[in-house]
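To start, the structure itself, in structure tokens.
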Amino acid sequence: MSEVAAPAHAVGHGHDALHHHAAQQHHFESLDQQHEASTLGMWFFLVQEVMFFGGLFTAYMVYRIWYPEAWAEGSRELDILLGGINTVVLIGSSLTMALAVRSAQVGSNKGAFRWTMLTMILGLTFLVIKFFEYEHKFELNHVPGANFVFEGPHANQVEIFLSLYFAMTGLHALHMIIGFGILAWVAWLAHNERFSREWSTPVEMTGLYWHFVDIVWIFLFPLLYLVDRAGQLG
Amino acid sequence: MTTQPTTTYLNVTHGLASWLLTKDHKRIGLLYLVVVSIAFALGGVFAGLIRLELLTPPGDMVTSDLYNRIFTMHGVAMVFFVLIPAVPAILGNFVLPLQLGAKDVAFPKLNLLSWYIFVIGFIFTAFAMVMGGVDTGWTFYTPYSTTASNSNVMAAGVGVFITGFSSILTGVNFMVTIHRMRAPGLTWFRLPLFVWALYATSLVQILGTPVVAITVLMVAMERGLGLGIFDPTLGGDPVLFQHLFWFYSHPAVYIMILPPMGAISECIACFSRKTVFGYSFVAFSSLSIAVFGFLVWAHHMFVAGISPYSAMVFSFLTFAVAIPSAVKTFNWTATLYRGAIWFKAPMMYVYGFLGLFLIGGLTGLFLASLGTDVHIHDTYFVVAHFHYIMVGGAIMGYLAGLHFWWPKMTGRMYSDGLAKVGAALIFIGFNLTFFPQFILGYMGMPRRYHMYPPEWEMLNVLSTGGAGILGIGYLLAVGALLWSLKYGAVAGDNPWHATGLEWTTQSPPLPENFVETPIVTEPAYNYAHREIKVV
Chain D
1 MSEVAAPAHA VGHGHDALHH HAAQQHHFES LDQQHEASTL GMWFFLVQEV MFFGGLFTAY
61 MVYRIWYPEA WAEGSRELDI LLGGINTVVL IGSSLTMALA VRSAQVGSNK GAFRWTMLTM
121 ILGLTFLVIK FFEYEHKFEL NHVPGANFVF EGPHANQVEI FLSLYFAMTG LHALHMIIGF
181 GILAWVAWLA HNERFSREWS TPVEMTGLYW HFVDIVWIFL FPLLYLVDRA GQLG
Chain S
1001 MTTQPTTTYL NVTHGLASWL LTKDHKRIGL LYLVVVSIAF ALGGVFAGLI RLELLTPPGD
1061 MVTSDLYNRI FTMHGVAMVF FVLIPAVPAI LGNFVLPLQL GAKDVAFPKL NLLSWYIFVI
1121 GFIFTAFAMV MGGVDTGWTF YTPYSTTASN SNVMAAGVGV FITGFSSILT GVNFMVTIHR
1181 MRAPGLTWFR LPLFVWALYA TSLVQILGTP VVAITVLMVA MERGLGLGIF DPTLGGDPVL
1241 FQHLFWFYSH PAVYIMILPP MGAISECIAC FSRKTVFGYS FVAFSSLSIA VFGFLVWAHH
1301 MFVAGISPYS AMVFSFLTFA VAIPSAVKTF NWTATLYRGA IWFKAPMMYV YGFLGLFLIG
1361 GLTGLFLASL GTDVHIHDTY FVVAHFHYIM VGGAIMGYLA GLHFWWPKMT GRMYSDGLAK
1421 VGAALIFIGF NLTFFPQFIL GYMGMPRRYH MYPPEWEMLN VLSTGGAGIL GIGYLLAVGA
1481 LLWSLKYGAV AGDNPWHATG LEWTTQSPPL PENFVETPIV TEPAYNYAHR EIKVV
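Residue numbers (the working numbering), protein chains in the order written: chain D, 1 to 234; chain S, 1001 to 1535.
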């Protein structure tokens, strides 16, 4: 036990408190160990996320093999322009997220704050566009359920396609909304100048999560919007 | 005469808030113990009702509809709220950081959050029970669960979904803890086998549980929002649900059985005063069970109309998964050979486990064979088989571990004699309950009916009588443990003279486990170089 009084901001139980970073939790031996644990934990968490979405992707794959015509019909109902814009917006938000991580790593709280806010703005743009896409589907009665109406030879199977569309994009949007909460927390930490060259773990972990959500969309966009679209893009 | 240490994790702070907001892995383990015990009691009551109904051939106690709800609630409570969390969340939480020489798990706050998620899931499910229960069976098969059932499928499904994330987060937490929190010198091949078992379990938890979560969510979306993913009237496939469901729910069996197997390894080494025979084989068999376990799910669906070619592959792989299980069983038995066997209560449970797991495992091969499975599918043979694994294996292993670490957890020693009587009653009652069910199933008695022809009455009466003895055995075991809290002798730091870092600290341990971080210099189970001091 160290006899030296711990600095006021130190978290922990006193031993060697002078050498400990404020962010270090007392059950870790060092900030490095804590950082490695967080990174590994985040990756394991993302593995479970892959499996979580994997169930839906499996259902998608099975039905797409069984009902290729219905998949083509359903896919043509989706707005390729709005979907395309959203793809660009989301990739852009991954860039701003990466820049936020970079800023925090070099100790610029101001930069981390700005890039995080910009990431949130781009994410919000995505969700607003998504909202209008959904709204349009409601207007056309293309939402699966009792009121579902669809003109076409494979209306029933198109309902399965649209069910998966809503389930997959809906869960993706839910992940983005959760991401907002985390980004807001990161922005608040940056605003309070909490990051430094020694410690920027929360921004890095948020970055991993945000990129994951982004990658899910990178798969969703072609699988949902681009089935049998070759003729239309000319 | 040893005395209780003055400062322990139990008395360092006081009051309800100090427990409900604790980040100490040991207290969180006890919090799980409370909730899991409540769920076990609930599930046990449902089991009792099932056996009472089946005491007589006609369905005279409850209606068939109520009977459906009773066995469903028995399954849901026991699978999701007892068997899956029992060993990892209670014993794992308590013991893992101690065995690693760590102050806590890697993410203590996440650990507490997992408990709250677990409790919220349990509340949803309990709500479903109070509102009249669910009648789909614990498997929630579509299209019954999505279109026909008018019971509380949503509440129970949401409860299972939420609870799944408790399991996933515990898995993430344990894996990171094992990777990053080991004491200096504690290399992978010096780890206690309980740690290997928890690692393999965590792997299944993070790879499998999310799949059942999304599957149950799809059922909920189909039921609640009108989506049509498994709806056969649209061209959806109910068998797809079965594939997705069993992709998790078969590996879930290994979530239930692997950690108790780890506890068995600890006990068998300690009470034979020998290192576990073939340590690395036992360690790797845990991992290979976890991996192979993911490749056998369709053996639940041999009669669901799947392709005979895929059925043959799944049958073969199911036989293959018996190999690592057999490796474990042989190695445990070889550990006993020429050991200095110390016959204490945990060892009673070990012997019980070995016998029951063997029967459960071998009867599994009857079900893995395509031909015999057609005959005994959905009969009491299946019920008997999986109870031999889940109760005879998992619960016996859990009780072995609980009796083994109880003095470390509480600082008190229970009455060994009373605990042994409890163990014996459980063993006898269990066999009496479930062995007749093998015969009933082979004769063709289907599961999930509340009546049966009179010629099966005798075997059913035996089974119900056995359930009574089993219940008394559990009450006696619990009674012996609770009695020790107040009247038990002070246990001392290491009442079993066991190896392992958890026994080097005081009982009950300090809030942060060790006075200083231990340094490990020897392999696990180094009993050969340890004096035997039998008390």
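Glycine is no exception: its CB is placed at the ideal position from the N, C-alpha and C atoms.
Just so you know, these numbers come straight off a predicted model, no measurement behind them.
Notebook entry, point to check: Which residues of chain D have a Cβ atom closer than 7 Å to the Cβ of S/Leu-1234, listed in chain order?
Noted result: Asn-156, Gln-157, Glu-159 and Ile-160
Notebook entry, point to check: Leaving out five residues before and five after S/His-1300 in sequence, what residues of the same chain have Cβ atoms less than 6 Å from its Cβ?
Noted result: Trp-1246
Notebook entry, point to check: S/Pro-1143 by DSSP, collapsed to three states: which one?
Noted result: coil
Check: Hey, would you say S/Ile-1264 sits closer than 8 Å to S/Thr-1335, going by beta carbons?
Finding: no
Checklist line | Short-range partners of chain D found in the stretch 1076-1099 of chain S, where Cβ spacing is below 8 Å | finding: none
Margin query: Determine, for D/Glu-69, whether the minimum Cβ-Cβ distance to residues of chain S falls below 8 Å.
Written below: no
Next item on the list: Give every residue of the same chain whose Cβ lies closer than 8 Å to the Cβ of S/Leu-1476, excluding the five residues on either side of it in the sequence, and list them in chain order.
Entry: Leu-1418, Val-1421, Gly-1422 and Leu-1425
Margin query: According to DSSP, simplified to helix, strand and coil, what is D/Val-203?
Written below: helix
Notebook entry, point to check: Comparing the C-beta of D/Gly-152 with each C-beta of chain S, is any distance below 8 Å?
Noted result: no
Check: Once you ignore the five residues that flank S/Leu-1042 on each side, which residues in its own chain have a CB closer than 7 Å to its CB?
Finding: Ala-1077
Next item on the list: Could you name the residues of the stretch 51-76 of chain D whose beta carbon sits closer than 9 Å to any beta carbon of chain S, in the order they occur along the chain?
Entry: Met-51, Phe-52, Phe-53, Gly-54, Gly-55, Leu-56, Thr-58, Ala-59, Val-62, Tyr-63, Trp-66, Tyr-67 and Ala-70
Margin query: DSSP has S/Pro-1446 in a bridge; who is on the other side?
Written below: S/Thr-1379
Next item on the list: Note the first and the last residue of the continuous alpha helix (DSSP H) segment covering S/Lys-1109.
Entry: 1108-1130
Next item on the list: With S/Pro-992 as the anchor, note down where its alpha helix (DSSP H) starts and where it stops.
Entry: Lying before the first or after the last residue shown, residue 992 of chain S is absent from chain S, which here runs from 1001 to 1535.
Item checked: Min CB distance S/Pro-1238 to chain A below 8 Å -> No chain A is part of this structure, whose protein chains are labelled D and S.
Note to self: Quick check on S/Ala-1491: does DSSP put it in helix, strand or coil?
What the structure shows: coil
Check: Name the chain D residues that come within less than 7 Å of S/Val-1176, Cβ to Cβ?
Finding: Ala-37, Leu-40, Gly-41 and Phe-44
Checklist line | S/Met-1221: contacting residues in chain D (beta-carbon distance under 7 Å) | finding: Ala-167
Item checked: Partners in chain D for S/Asp-1104, counting only beta-carbon separations shorter than 8 Å -> His-27
Check: At a Cβ threshold of 8 Å, is S/Ala-1213 touching chain D?
Finding: yes
Check: What is the DSSP secondary structure of S/Leu-1033, reduced to helix, strand or coil?
Finding: helix
Next item on the list: Just confirm the distance between the C-beta atoms of D/Val-103 and D/Asp-214, as a whole number of angstroms; I'd bet it's less than 8 Å.
Entry: First, the amino acid is wrong: residue 103 of chain D is Ser here, not Val. Not quite, the Cβ-Cβ distance comes to about 19 Å (not below 8 Å), so this is no contact.
Item checked: Closer than 8 Å at the beta carbon, the chain D residues around S/Val-1172 -> Gly-41, Phe-44, Phe-45 and Gln-48
Next item on the list: For S/Gly-1228, go through chain D and note every residue whose CB falls closer than 7 Å to its CB, in chain order.
Entry: Pro-144, Glu-159, Ile-160 and Ser-163
Next item on the list: Within the same chain, show all residues whose beta-carbon is closer than 6 Å to that of D/Phe-150, passing over the 5 residues directly before and after it, in chain order.
Entry: Val-158
Next item on the list: Have a look at S/Ala-1491, S/Gly-1488, S/Arg-1530 and S/Gly-1371 and flag the residue whose alpha-carbon is nearest the alpha-carbon of S/Gly-1500.
Entry: S/Arg-1530
Checklist line | Exposure of S/Val-1303, with buried meaning 16 or more beta-carbon neighbours within 10 Å | finding: exposed
Note to self: Is any non-hydrogen atom of the ligand FAD found closer than 7 Å to the C-beta of S/Ala-1368, if you look at the structure I gave you?
What the structure shows: In terms of ligand content, the structure shown is empty, and the ligand FAD therefore cannot be addressed.
Note to self: Excluding the 5 residues flanking D/Phe-132 on each side, which residues of the same chain have their C-beta closer than 8 Å to its C-beta?
What the structure shows: Leu-82
Next item on the list: Out of S/Gly-1466, S/Gln-1506, S/Ile-1038 and S/Trp-1483, state which residue places its alpha-carbon closest to the alpha-carbon of S/Ala-1126.
Entry: S/Ile-1038
Next item on the list: Under 8 Å between beta-carbons, which chain D residues line up against S/Phe-1314? List them in chain order, please.
Entry: Within chain D, no residue comes near S/Phe-1314; the closest Cβ sits about 17 Å away, beyond 8 Å.
Notebook entry, point to check: Where does S/Met-1181 fall in DSSP's three states?
Noted result: coil
Note to self: So, for D/Tyr-225: in the same chain, excluding its five sequence neighbours on each side, which residues have a beta-carbon less than 6 Å away from its beta-carbon?
What the structure shows: Leu-78, Ile-80 and Gly-83
Checklist line | Cβ of S/Pro-1210 within 8 Å of any chain D Cβ | finding: yes
Margin query: Run through the DSSP bridge pairs and tell me what S/Asn-1526 is partnered with.
Written below: None; S/Asn-1526 has no bridge partner.
Notebook entry, point to check: When you compare each of S/Tyr-1388, S/Tyr-1449 and S/Pro-1407 to S/Asn-1431 by their alpha carbons, which one comes out closest?
Noted result: S/Tyr-1388
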